[in-house]
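A.B. asks:
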DNA sequence: GTAACGTGGATAAGTTCTATCCGCGATACT
DNA sequence: AGTATCGCGGATAGAACTTATCCACGTTAC
């Protein structure tokens, strides 16, 4: 089981956007995080399509959060970038083979699929309990409030 | 985020093994589930290496559970087949770029990684709460107790 | 001795992830 | 008007992983 690396990039970008005062361009976000500009652009477009960020085209354009940081959950970011499909996909093994279960029995989900789904619900619930604001507060607690001031200063520099 | 398809095969195999009276061969398990024999063999070897099943070589050989079904959890099977690595891998983005965090600050895990780890713990806890015996009981409840009798009969047939 | 079995390695095809480039339309400054 | 900067979507290519098969080997029962 593996999440795409873009998830990490996107989450960090959202934290940065939560601290910015205006739109932040892909170029700036990529430079700040030390990652590929062209590839990060793809992930930001996914956030945009998911409605988590708003984009401003043209010069001085860029991205900003569409909602307050306290209303953007980790789950939303993960699903925007990695997709919302469940990790386990039931291929209905029980309907194959010599002792295949009947169609009628299989209207109800197989027990394995149910257990897997329950685990994924627990995972999603946990992620839904963390917001971008929480993550930003964590950074402040860990490295001090001056960090985001320096970030804003760096973003303001041409 | 995606689990390999082998996970589904392996779980169903463990349920079958919990109902068998002796070793069940790869050939029989593959036939029963209607899946590729050679590929299923690989997954069964993973279960064997993880110590969840014991293998008997030679004619009349095959696999059997090493423990009572009530003591084999879904989590163990998933991790045996899919690996125990966490889905989210922190690449320490915060240590890159122009405002890179210092090494000292980074002895503590980044907040994003912590939140992701908590979610995966919730997922694992959920999976660890389901045993092969639970899954077998679910089958009995869903399709009736005769199902496993038919399975044992089929396994006994040459 | 022979047939059935698990094991590990080599191999190959298919799919997804990572990454880049291009042309397009939008915007701001000169 | 012209130009530089921006986001958007499509095409593309390489890397990594998943899926699948085959073979040589040692083991066991008849």
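Residue numbers (full-length UniProt numbering), protein chains in the order written: chain Z, 1 to 158; chain R, 1 to 158.
No residue lacks a Cβ here, since even glycine has one placed at the ideal position from N, Cα and C.
1) Would you mind stating whether residue 131 of chain R and residue 56 of chain R have Cβ atoms separated by less than 8 Å?
2) With H, G and I counted as helix, E and B as strand and the rest as coil, what does DSSP make of residue 83 of chain R?
3) Name, going along the chain, the residues of the region 96 to 109 of chain R whose beta-carbon falls closer than 7 Å to a beta-carbon of chain Z.
4) Please confirm whether residue 13 of chain Z and residue 8 of chain R have their CB atoms less than 8 Å apart.
5) When you compare the CB of residue 60 of chain Z with every CB in chain R, is at least one pair closer than 8 Å?
6) Where does residue 124 of chain R land, buried or exposed, given buried means 16+ other C-beta within 10 angstroms?
7) Using a Cβ-Cβ cut-off of 8 Å, state whether residue 148 of chain R counts as contacting chain Z.
8) Would residue 155 of chain R and residue 78 of chain R be called neighbours here (beta carbons separated by less than 8 Å)?
9) So which residues on chain Z does residue 126 of chain R lean against when the C-beta distance must stay under 7 Å?
10) If I measure Cβ to Cβ from residue 61 of chain R and keep anything under 8 Å in the same chain, skipping five residues before and after, which residues do I get?
11) If you measure from the beta carbon of residue 40 of chain R to each beta carbon in chain Z, is any gap under 8 Å?
12) Bridge partners for residue 62 of chain Z per DSSP, in chain order?
13) Just checking my contact of residue 52 of chain R with residue 151 of chain Z at CB under 8 Å: how many whole Å lie between their CB atoms?
14) Nearest chain Z C-beta to residue 51 of chain R closer than 8 Å, yes or no?
15) Do residue 10 of chain Z and residue 81 of chain Z have their beta-carbon atoms positioned less than 8 Å apart in this structure?
16) Can you list, in chain order, the residues of its chain whose CB lies under 8 Å from that of residue 27 of chain R, leaving out five sequence neighbours each side?
C.D. replies: Quick answer:
1) In the second chain, the residue the question calls residue 131 of chain R occupies position 131. In the second chain, the residue the question calls residue 56 of chain R occupies position 56. Going by beta carbons, residue 131 of chain R and residue 56 of chain R fall outside the 8 Å limit.
2) Position 83 of the second chain, counted from the first residue, corresponds to residue 83 of chain R. In the structure shown, residue 83 of chain R sits in coil (DSSP, three-state: anything other than H, G, I, E or B).
3) Correct list: 96, 97, 98, 99, 101, 105 and 108.
4) The residue labelled residue 13 of chain Z in the question sits at position 13 within the first chain. The residue labelled residue 8 of chain R in the question sits at position 8 within the second chain. The answer is no: Cβ separation not under 8 Å.
5) Numbered from its first residue, the first chain carries residue 60 of chain Z at position 60. With 8 Å as the cut-off, residue 60 of chain Z does not count as an interface residue toward chain R.
6) Locating residue 124 of chain R in the second chain gives position 124, counting from the first residue. Per the 10 Å Cβ criterion, buried.
7) To locate residue 148 of chain R, count along the second chain from 1; it is residue 148. For residue 148 of chain R, the answer is no, since every Cβ of chain Z falls outside 8 Å of its Cβ.
8) Translated into the one-based positions of the second chain, residue 155 of chain R becomes position 155. Translated into the one-based positions of the second chain, residue 78 of chain R becomes position 78. Not a contact, by the Cβ cut-off of 8 Å.
9) In the second chain, the residue the question calls residue 126 of chain R occupies position 126. Here the neighbours are 118, 119 and 122.
10) For the purposes of this step, residue 61 of chain R is taken as residue 61 along the second chain, with counting starting at 1. Correct list, in chain order: 23, 25 and 55.
11) Position 40 of the second chain, counting from 1, holds the residue named residue 40 of chain R. No, because no Cβ of chain Z sits closer than 8 Å to the Cβ of residue 40 of chain R.
12) The residue you call residue 62 of chain Z lines up with position 62 of the first chain. In DSSP, residue 62 of chain Z forms a bridge with Z/56.
13) In the second chain, the residue the question calls residue 52 of chain R occupies position 52. In the first chain, the residue the question calls residue 151 of chain Z occupies position 151. That belief does not hold up - the Cβ atoms of residue 52 of chain R and residue 151 of chain Z are roughly 49 Å apart, past 8 Å.
14) For the purposes of this step, residue 51 of chain R is taken as the residue at position 51 of the second chain. It does not; no Cβ of chain Z falls within 8 Å.
15) On the first chain, position 81 is the one that residue 81 of chain Z refers to. On the first chain, position 10 is the one that residue 10 of chain Z refers to. Between residue 81 of chain Z and residue 10 of chain Z, the C-beta spacing is below 8 Å.
16) Your numbering for residue 27 of chain R matches position 27 in the second chain. Around residue 27 of chain R, the same chain offers 37 as residues with beta carbons nearer than 8 Å, after the five sequence neighbours per side are excluded.
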